[in-house]
Amino acid sequence: MNSNFEQRLKAALRPVDPGDDFTVSVMNAVKREQLGSQSTAPSSRRFTQWASAALAACLVAAITVTVQVHKAREREAGLRAREQVLEALQVTSEKLNLAYRVVHPQTDTSDERKLRQRRPNDRGGA
Amino acid sequence: MRFLTRCLIFLWVPLAAFAQSAALIKLPNFDGLADHASESINITLDEPLLRMATRFLSSEDADSVEAKKVLDGLRGIYVRSYTFDKTYEYPRASIEAIRKQLAPPQWNPLMEVKSSKEQANVGIYISLDTAGKANGLVILSTEPHEFTVVNIVGAIDLDKLKNIEGKLGIPELDIDDKKKPERPKK
Chain A
5 MNSNFEQRLK AALRPVDPGD DFTVSVMNAV KREQLGSQST APSSRRFTQW ASAALAACLV
65 AAITVTVQVH KAREREAGLR AREQVLEALQ VTSEKLNLAY RVVHPQTDTS DERKLRQRRP
125 NDRGGA
Chain B
8 MRFLTRCLIF LWVPLAAFAQ SAALIKLPNF DGLADHASES INITLDEPLL RMATRFLSSE
68 DADSVEAKKV LDGLRGIYVR SYTFDKTYEY PRASIEAIRK QLAPPQWNPL MEVKSSKEQA
128 NVGIYISLDT AGKANGLVIL STEPHEFTVV NIVGAIDLDK LKNIEGKLGI PELDIDDKKK
188 PERPKK
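Residue numbers (this note's numbering), protein chains in the order written: chain A, 5 to 130; chain B, 8 to 193.
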């Protein structure tokens with residue numbers, strides 16, 4: 005029984021020539037693997053390059069937007085300050101004019117009209 | 008000598024700042040009055056804001072150029088103005104507290120006028136530094152239902168102020184040479 009088993013095992017494990025097709029298929033498979041590994045290396049580098057460029061562009065855009073927003077806010081604050089300066093000068097002139105009228109009560113209406121005409125932003129009834 | 012010069016420079020800067028700050032009066036807190044006022048103006052412009060505002064004044068308009076000259080040298084403009092309805096009596100104590108600050112030797116009354124016709128009291132006070140140059144101006148105007156305080160801090164040049172007469176709403180001032188601070192004779 006053992007010898008029978010041994011003979012069958014030997015027969016199963018005997019070397020068999022796979023033929024030329026096997027060799028060709030193996031070589032083709034090897035070539036495919038080599039080509040696949042080569043194609044993944046450049047794509048990862050391209051992704052890194054694109055990601056770096058995108059990040060740099062985002063940074064430049066963020067800085068540009070921040071600078072523009074800051075300039076716009078500064079301009080808004082400056083215009084508001086200018087309006088306040090003009091309003092302050094207007095109030096100052098009104099009170100100086102009041103003092104002038106008190107000192108010169110005989111100022112006639114023609115003079116007052118001239119004073120009002122010189123004011124660019126006359127607040128009626130102030 | 009260099010050490011002495013540096014000491015003088017280090018002392019002059021805070022002294023100059025102190026002189027300018029002395030021309031800045033303490034304004035009471037009028038926040039509670041704003042609710043009762045039919046019209047209120049609250050303007051606080053310190054030196055940085057004044058510089059910013061000056062940049063936005065046109066350089067092509069002659070009136071704006073004159074205004075820039077007036078603003079040049081100013082360190083602050085502070086305005087509090089409130090108008091009330093006839094039924095509201097504003098507290099006079101705050102106004103008196105301001106008036107008490109405008110006493111010699113720091114402040115000199117340039118003009119104090121009262122009018123029964125206008126029912127108005129207007130006081131114009133000027134602060135002079137040791138060189139006799141104006142470094143502060145206060146206008147205090149009280150009417151039955153309105154009061155206004157204007158405090159201008161800085162190098163006020165009355166000549167430049169005269170040049171702006173009739174422009175930007177500034178009336179012509181009848182300020183003669185007698186009322187100008189005396190300049191040292193050469």
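Each residue gets a CB set at the ideal place from its N, CA and C atoms; glycine is no exception.
For the segment 88-113 of chain A, the set of positions with a beta-carbon nearer than 9 Å to some beta-carbon of chain B reads Gln88, Val89, Leu90, Glu91, Ala92, Leu93, Gln94, Val95, Thr96, Ser97, Glu98, Lys99, Leu100, Asn101, Leu102, Ala103, Tyr104, Arg105, Val106, Val107, His108 and Pro109 in chain order. Distance between Val129 of chain B and Asn101 of chain A, taken at the CA atoms: about 10 Å. Glu125 of chain B belongs to the set of residues whose beta carbon lies under 8 Å from a beta carbon in chain A.
Cβ proximity to chain B below 9 Å picks out Glu78, Arg79, Ala81 and Gly82 from the segment 64-82 of chain A.
Residue-level contact check: Ala85 of chain A touches chain B, since one or more beta carbons of chain B fall below 8 Å from its beta carbon. The count of Cβ pairs closer than 8 Å, one atom from the segment 101-111 of chain B and one from the segment 27-40 of chain B, reaches three, so the stretches are in contact.
By the 16-neighbour rule on beta-carbons within 10 angstroms, Phe26 of chain A is exposed. Chain A has no Cβ within less than 8 Å of the Cβ of Val160 of chain B. Under the criterion of beta carbons closer than 8 Å, Leu52 of chain B and Val69 of chain A do not qualify as touching, at roughly 30 Å. One thing to note: Glu91 of chain A has its Cβ within 8 Å of the Cβ of Ile48 of chain B. At a cut-off of 8 Å between beta carbons, Ser148 of chain B contacts chain A.
Sixteen is the threshold: since fewer than 16 other Cβ atoms of the shown chains lie within 10 Å of the Cβ of Met31 of chain A, the residue is exposed. When B:Glu67, B:Asp136, B:Glu73 and B:Ala60 are compared, the shortest CA-CA separation from Glu80 of chain A is found for B:Ala60.
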